[in-house]
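Student: All you need for this note's numbering is the position in the sequence shown, starting with 1, plus 59.
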Amino acid sequence: MVTGEQNLELCRFPTLEEFKDAVFKLSGDSASGHDGFTGLFYQECWKSSGFFKSTRGVKQGDPLSPILFILSAELLSRSLNQLFEDKSFIGFGMPKWSGHLNHLAYVDDTIILASAHPTSLSKIIGILGRYEQISGQLINKAKSLYYMHANVAHDLCWSVGNITGFARGQFPFTYLGCPIFYTRRRNDYYDDLVKKVKAKLHSWKGKLLSFGGKATLIISVLQSMPVHLLSVLDPPNNILVHLHKIFARFFWSNKQEGRSRHWASWQNLCLPKDEGGLGFRSLHDVSKTLFAKL
Numbered sequence: 060m061v062t063g064e065q066n067l068e069l070c071r072f073p074t075l076e077e078f079k080d081a082v083f084k085l086s087g088d089s090a091s092g093h094d095g096f097t098g099l100f101y102q103e104c105w106k107s108s109g110f111f112k113s114t115r116g117v118k119q120g121d122p123l124s125p126i127l128f129i130l131s132a133e134l135l136s137r138s139l140n141q142l143f144e145d146k147s148f149i150g151f152g153m154p155k156w157s158g159h160l161n162h163l164a165y166v167d168d169t170i171i172l173a174s175a176h177p178t179s180l181s182k183i184i185g186i187l188g189r190y191e192q193i194s195g196q197l198i199n200k201a202k203s204l205y206y207m208h209a210n211v212a213h214d215l216c217w218s219v220g221n222i223t224g225f226a227r228g229q230f231p232f233t234y235l236g237c238p239i240f241y242t243r244r245r246n247d248y249y250d251d252l253v254k255k256v257k258a259k260l261h262s263w264k265g266k267l268l269s270f271g272g273k274a275t276l277i278i279s280v281l282q283s284m285p286v287h288l289l290s291v292l293d294p295p296n297n298i299l300v301h302l303h304k305i306f307a308r309f310f311w312s313n314k315q316e317g318r319s320r321h322w323a324s325w326q327n328l329c330l331p332k333d334e335g336g337l338g339f340r341s342l343h344d345v346s347k348t349l350f351a352k353l
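Take a look at the structure:
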């Protein structure tokens, strides 16, 4: 039976003296490890170990560049997660059945989820300040924004802006290609997706394509464009119907706009080939499948 104290002792990180004691107990002519060095090498070079001060950054394209960024991003992520160990910290309100979540990060785009509690906000800003000192990267406050519900009192919004030094942004905003909003689903929130599909069709305008070529482009290009958004959000039915109309118009006509005769409904075209269809995917089915994964 392992007690709590014994478990802490087993899990703790060894001290430098314990490392040194273990290294100098190694036999000098012992078999080399996976790195190719014997115990004698470490004993002779022990005094040379330590830290060095960097004098310049790595050049763009250097293999170390992405590794250094990942290390600094990991430092920020762990520091923000450690805030939950502080009993005085009040984080973003999450359902009881879900885990703690206070930030989302992808490359240099970071969203920090927080409450408007002044002390808690100050601790987050303190972590960001220490991150700037350690990594050498500076937060661009001119491009940084904070978002709050439209019904929040003006004094509270002013307090958050005063503590963070950020300007207030307005919902909806786009993060990693997805609209972020808190109100009901509106068709105009998905205008960017429709515009991207139409822009892709415009680039193909004037090209002589057979029905087989159009079917290939619809399956491999057009129907894959909404997948990223559908894996995160459940768009209104009108948006999916509108996209289906765009796909059908492209398939049956050589024109991007205008009327054309459709010899079969889109629903029939989405049937498997052995049932008389062309094997197109219905975005309604794709949305339901991806939404079930959430």
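Think of the CB as a built atom: it goes at the ideal place given N, C-alpha and C, for glycine as much as any other residue.
If we require 4 or more residues per run, which alpha helix (DSSP H) segments fall completely within the region 286-333?
Tutor: 286-289, 296-311 and 325-328
Student: Would a C-beta distance cut-off of 9 angstroms place residue 131 and residue 170 closer than the cut-off?
Tutor: Reading the sequence shown from its first residue, position 72 is the one you call residue 131. Reading the sequence shown from its first residue, position 111 is the one you call residue 170. No, these two residues do not count as a Cβ contact at 9 angstroms.
Student: Report back the beta-carbon spacing between residue 244 and residue 294 to the nearest angstrom; my notes put them in contact at under 8 angstroms.
Tutor: Sequence index remark: in the sequence shown, residue 244 carries index 185 (1-based). Sequence index remark: in the sequence shown, residue 294 carries index 235 (1-based). Going by Cβ atoms, the distance from residue 244 to residue 294 rounds to 7 angstroms, so yes, they are a contact pair.
Student: Closer than 8 angstroms is the cut-off here; do at least three beta carbon pairs connect the region 257-272 with the region 174-192?
Tutor: no
Student: Thinking residue 162 and residue 139 are a contact (beta carbons under 8 angstroms), I'd like their distance in whole angstroms, please.
Tutor: As a working note, residue 162 is residue 103 in the sequence shown. As a working note, residue 139 is residue 80 in the sequence shown. That belief holds up - the Cβ atoms of residue 162 and residue 139 are roughly 5 angstroms apart, short of 8 angstroms.
Student: Identify whether residue 171 lies in helix, strand or coil by the three-state DSSP scheme.
Tutor: What you label residue 171 is simply residue 112 of the sequence shown in a count that begins at 1. Residue 171: strand per DSSP, three-state reduction.
Student: Specify the secondary structure class of residue 234 as computed by DSSP and reduced to three states.
Tutor: Here residue 234 is taken as the residue at index 175 of the sequence shown, counted from 1. Three-state result, residue 234: strand.
Student: Hey, out of 148, 338 and 320, whose CA is closest to residue 182's CA?
Tutor: The residue you call residue 182 lines up with position 123 of the sequence shown. If we check each option's Cα against that of residue 182, 148 comes out closest.
Student: Per the DSSP calculation, residue 227 is bridged to which residue(s)?
Tutor: In the sequence shown, the residue the question calls residue 227 occupies position 168. DSSP, once it has assigned bridges, lists 205 as partnering residue 227.
Student: How is the alpha helix (DSSP H) around residue 164 delimited, first residue to last?
Tutor: Taking the first residue of the sequence shown as position 1, residue 164 is located at position 105. No alpha helix (DSSP H) holds residue 164; the beta strand (DSSP E) holding it covers 162-165.
Student: I think residue 224 touches residue 200, with their Cβ atoms under 8 angstroms apart; what is that distance to the nearest whole Å?
Tutor: Within the sequence shown, residue 224 is the residue found at index 165, counting from 1. Within the sequence shown, residue 200 is the residue found at index 141, counting from 1. About 5 angstroms separates the two Cβ atoms, so the contact holds.
Student: Quick one, which of 322, 203 and 281 has its alpha-carbon nearest residue 303's?
Tutor: Translated into positions along the sequence shown, residue 303 becomes position 244. That would be 281, whose Cα lies nearest to the Cα of residue 303.
Student: Could you tell me how far apart the beta carbons of residue 98 and residue 107 are, in whole angstroms, since I believe they sit closer than 8 angstroms?
Tutor: For the purposes of this step, residue 98 is taken as residue 39 along the sequence shown, with counting starting at 1. For the purposes of this step, residue 107 is taken as residue 48 along the sequence shown, with counting starting at 1. At roughly 16 angstroms, the Cβ-Cβ gap does not stay under 8 angstroms, so residue 98 and residue 107 are not in contact.
Student: What is the rounded straight-line gap between the Cα of residue 81 and the Cα of residue 180?
Tutor: Taking the sequence shown and counting its residues from 1, one reaches residue 81 at position 22. Taking the sequence shown and counting its residues from 1, one reaches residue 180 at position 121. Approximately 44 angstroms between the Cα atoms of the pair.
Student: Using the Cβ count rule (16 or more neighbours within 10 Å means buried), how would you classify residue 298?
Tutor: The residue you call residue 298 lines up with position 239 of the sequence shown. Residue 298 should be labelled buried.
Student: Using DSSP with H/G/I as helix, E/B as strand and the rest coil, what is residue 277?
Tutor: To locate residue 277, count along the sequence shown from 1; it is residue 218. Three-state result, residue 277: helix.
Student: Would residue 321 and residue 253 be called neighbours here (beta carbons separated by less than 9 angstroms)?
Tutor: Against the sequence shown, residue 321 aligns to sequence position 262. Against the sequence shown, residue 253 aligns to sequence position 194. Between residue 321 and residue 253, the CB-CB gap reaches or exceeds 9 angstroms.
Student: Hey, how far is the Cα of residue 287 from the Cα of residue 251?
Tutor: The residue given as residue 287 occupies position 228 in the sequence shown. The residue given as residue 251 occupies position 192 in the sequence shown. Near 13 angstroms, if we compare the C-alpha coordinates of residue 251 and residue 287.
Student: Give a yes or no on whether the C-beta atoms belonging to residue 150 and residue 159 are separated by under 9 angstroms.
Tutor: On the sequence shown, residue 150 is found 91 positions in, with the first residue counted as 1. On the sequence shown, residue 159 is found 100 positions in, with the first residue counted as 1. Their beta carbons are under 9 angstroms apart, which means residue 150 touches residue 159 by this criterion.
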